[in-house]
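Asks: One line per chain: the protein sequences are A and B, in this order.
Going by the working numbering, the letters in the first sequence line up with residues -14 to 129, in that order.
Going by the working numbering, the letters in the second sequence line up with residues 4 to 307, in that order.
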Amino acid sequence: MKRFALAALSIFAISSVALAVEPQEARQASMKKVGGAIGLLSGIAKGEAPFDAAAAQAAFATMNTVAKEYVSLFPVGSETGMDTEASPAIWANMADFTAKVAKFESDTGAAAAMTFADAAAVGAAIGPVAENCGACHQLYRVKK
Amino acid sequence: MSRFLRWIAGLALLGVALGLFITRAVPLNASEIAALPDGDIARGENVFWASGCVSCHAVPKSEGDAHLVLAGGLELKTDFGTFVAPNISSSIEHGIGSWKLGDFASAMLKGVSPEGTHYYPSFPYGSYARMTSQDISDLYAYMKTLPASDNVPALNQLSFPFNIRAAIGGWKLLYLNASPRLTLDVSDPVLARGQYLVDGPGHCGECHSPRNLVGGFKANAWLSGARNPDGGGKIPNITPGSKDIGEWSASDLVAYFETGFTPDFDSVGGSMVSVQKNLSKLPKTDLEAIAAYLKVVPARPDGA
């Protein structure tokens, strides 16, 4: 019985390691979600997609969710590997990086709380949120 | 024998003197300066954003109106050492407020200071040399209107032999000219405008083209991208052969210049963030001209 428990435990341990998503990959997936959300919003703002207030709100909420957990995806030890484009400057300036992500969280939170009357209102809400992308990537992303 | 040695020594001295003479700093001459037109402040603002002055000379990390204070201080890490952007605000004492139009034009077109010394080509006069005298005068008029700062930035930290300023004369002999970077048919005025903006004021190739050991551009690799000397990674190839943006349409490029977003809504990063902010202030016709030109330059594999 003991042996069986040990075997089960080890299988569980091995499979959980195999299933675990590395932080580098989780970061990349998070940023893809943000890109997708911006794409959806931009389509609405430009009139390329039909106006959908609920979808716009949800897109801002998606970015807000990403922002909430984003800093936790940069543990020490995840500086390199898996084609990460994260700059070493993140770990050297963690307080500033955290502050920049916090601003992204509050800006997306504010936008997600809005009720949009039309496409122009969505367009106006994208601006301040999108500012965060460049502000952070200027310092903390390295093009590979 | 001693007469022979004296001859050799004399010849060597003559050689050095000749070398110093042909590599001396030569500003614009009096008639060239007299021919400079009057500047216009409103047009100059457009030239200012096209030329990207703030990206190096604004107070690092400044925003809004503070970003128009060209106090210098940004460090540019390169293979030759660290260059520190000087104060080019309108301060008479610490900036360029005392400069006459001729001084400004000699700096922009010839890389020569009012004191008659060479500037390092980290100040991209190698590109600005292609600018029209009208644009130079307009830019001068606009920059006169910007705030003064009494900041005194640190000095350059360059490694030998690049710390010998006189050697820049040799670099200029090899690399400084105002001829087109690429021989292309630019009879279409849109393409001509694009070429002017990219290779002149915009100085895109200064970062987006690979350089050799003495800082000259490698042949047949214009705009093909380069290793990023400051912070690692790469500066992308922006020719149609680029793995990153070769597939982008001209309108994708314009959208990126305006918004900072790629066609799949990835965002601008690194030093390009500041450049894109400058570009977003240009008239759309200029952005379309830049995009049109970038679609017709020769496709190159990624440079290094």
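Each residue gets a CB set at the ideal place from its N, CA and C atoms; glycine is no exception.
Small disclaimer: the values here were computed from a predicted structure and weren't measured.
(1) Going along the chain, which residues of the segment 236 to 250 of chain B sit with their C-beta nearer than 9 Å to a C-beta in chain E?
(2) Using 8 Å as the limit for Cβ to Cβ distance, is Q123 of chain A near chain B?
(3) Let me know the secondary structure DSSP gives S3 of chain B once reduced to three states.
(4) Please list the segments of the beta strand (DSSP E) lying wholly inside the segment 15 to 93 of chain B, counting only runs of 3 or more residues, in order along the chain.
(5) Less than 8 Å between the C-beta atoms of A302 of chain B and P243 of chain B, yes or no?
(6) Taking any Cβ of chain A, which residues in the segment 75 to 100 of chain B have a Cβ under 7 Å from it, in chain order?
(7) Can you look up A3 of chain A in the DSSP assignment and give me helix, strand or coil?
(8) Here's a check: name, in chain order, each residue in its chain whose Cβ is nearer than 8 Å to the Cβ of R168 of chain B, leaving out the five neighbours to either side.
(9) If you follow the alpha helix (DSSP H) that M146 of chain B is part of, which residue opens it and which one closes it?
(10) Hey, is G263 of chain B's beta-carbon within less than 8 Å of any beta-carbon in chain A?
(11) Return the bridge partner residues of V115 of chain B from the DSSP annotation.
(12) Can you pull the chain A residues whose beta carbon is under 9 Å from the beta carbon of V271 of chain B, in chain order?
(13) What residues in its chain sit with their C-beta under 7 Å from that of L177 of chain B, if we drop five residues either side in the sequence?
(14) Counting only beta-carbon atoms, is V276 of chain B nearer than 8 Å to chain A?
(15) List, in order along the chain, the chain B residues whose C-beta lies closer than 9 Å to that of R126 of chain A?
(16) How is F107 of chain B classed by DSSP in three states: helix, strand or coil?
(17) With a threshold of 8 Å between beta-carbons, can D233 of chain B be considered close to chain A, or not?
(18) Rounded to whole angstroms, what's the CA-CA distance from D247 of chain B to L297 of chain B? Just pull it up for me.
(19) Anything in chain B within Cβ reach of I23 of chain A, meaning under 7 Å, just list it in chain order.
(20) Run the CB neighbour count on K64 of chain B, radius 10 Å, all protein chains shown included, and call it buried at 16 or more, exposed below.
(21) Measure the beta-carbon distance from S116 of chain B to P40 of chain B and round it to whole angstroms, keeping in mind my assumption that it falls under 8 Å.
(22) Applying the 10 Å Cβ sphere with the 16-neighbour rule, what's the burial state of Q160 of chain B?
(23) Please look up how many angstroms separate the CB atoms of S283 of chain B and E261 of chain B, rounded, as I've assumed it's under 8 Å.
(24) Establish whether the CB of G20 of chain A and some CB of chain B are separated by less than 8 Å.
(25) Measuring alpha carbon to alpha carbon, tell me which residue in A:A110, A:H122 and A:K129 is nearest Q42 of chain A.
(26) On the DSSP letters alone, give me the boundaries of the alpha helix (DSSP H) that H122 of chain A sits inside.
(27) Would you kindly work out how many angstroms separate the C-alpha atoms of N117 of chain A and A106 of chain A, rounded to a whole number?
(28) When you compare the CB positions of G306 of chain B and G228 of chain B, do they come within less than 8 Å of one another, or not?
(29) Let me know if I25 of chain B comes out buried or exposed under the rule of 16 or more other beta-carbons within 10 Å of its beta-carbon.
(30) Between the segment 86 to 106 of chain A and the segment 66 to 74 of chain A, do three or more beta carbon pairs fall short of 8 Å?
(31) Throw me the rounded Cβ distance for the L285 of chain B and N49 of chain B pair, which I believe falls under 8 Å.
(32) Taking S162 of chain B as the reference, which of B:S93, B:T148, B:G76 and B:T81 has the closest Cα?
(33) If I measure Cβ to Cβ from P232 of chain B and keep anything under 8 Å in the same chain, skipping five residues before and after, which residues do I get?
(34) Taking the C-alpha atoms as reference points, what is the distance between A80 of chain A and A151 of chain B?
(35) Please confirm whether K85 of chain A has its beta-carbon closer than 8 Å to some beta-carbon of chain B.
(36) Alpha carbon to alpha carbon, how far is S54 of chain B from A38 of chain B?
Replies: Well, looking at it:
(1) No chain E appears in the structure shown, which is made up of the protein chains A and B.
(2) yes
(3) This structure leaves residue 3 of chain B out entirely; chain B is present only between 4 and 307.
(4) 78 to 81 and 84 to 87
(5) yes
(6) none
(7) Because the pLDDT at A3 of chain A is just 46, under 50, the model does not fix this residue reliably, and the value given afterwards should be weighed accordingly. The answer is helix: DSSP assigns A3 of chain A an H, G or I state.
(8) T120, H121 and Y123
(9) Bounds of the alpha helix (DSSP H) holding M146 of chain B are S136 to M146.
(10) yes
(11) V115 of chain B is bridged to B:H121.
(12) C118, G119, H122 and Q123
(13) G219
(14) True, the Cβ-Cβ gap to chain A drops below 8 Å.
(15) G236, S270, G272 and G273
(16) helix
(17) no
(18) L297 of chain B has its alpha-carbon roughly 13 Å from the corresponding atom of D247 of chain B.
(19) F264 and F268
(20) Residue burial is scored here from C-beta neighbours: K64 of chain B has fewer than 16 other C-beta atoms within 10 angstroms and is therefore classed as exposed.
(21) That belief does not hold up - the Cβ atoms of S116 of chain B and P40 of chain B are roughly 23 Å apart, past 8 Å.
(22) exposed
(23) 5 Å
(24) yes
(25) A:A110
(26) A104 to Y125
(27) 19 Å
(28) It is a contact, given that the beta carbons lie within the stated cut-off.
(29) exposed
(30) no
(31) Correct: roughly 7 Å between the Cβ atoms.
(32) B:T81
(33) K80, T81 and D82
(34) Cα to Cα, the separation comes out at about 32 Å.
(35) no
(36) Cα-Cα distance, rounded: 22 Å.
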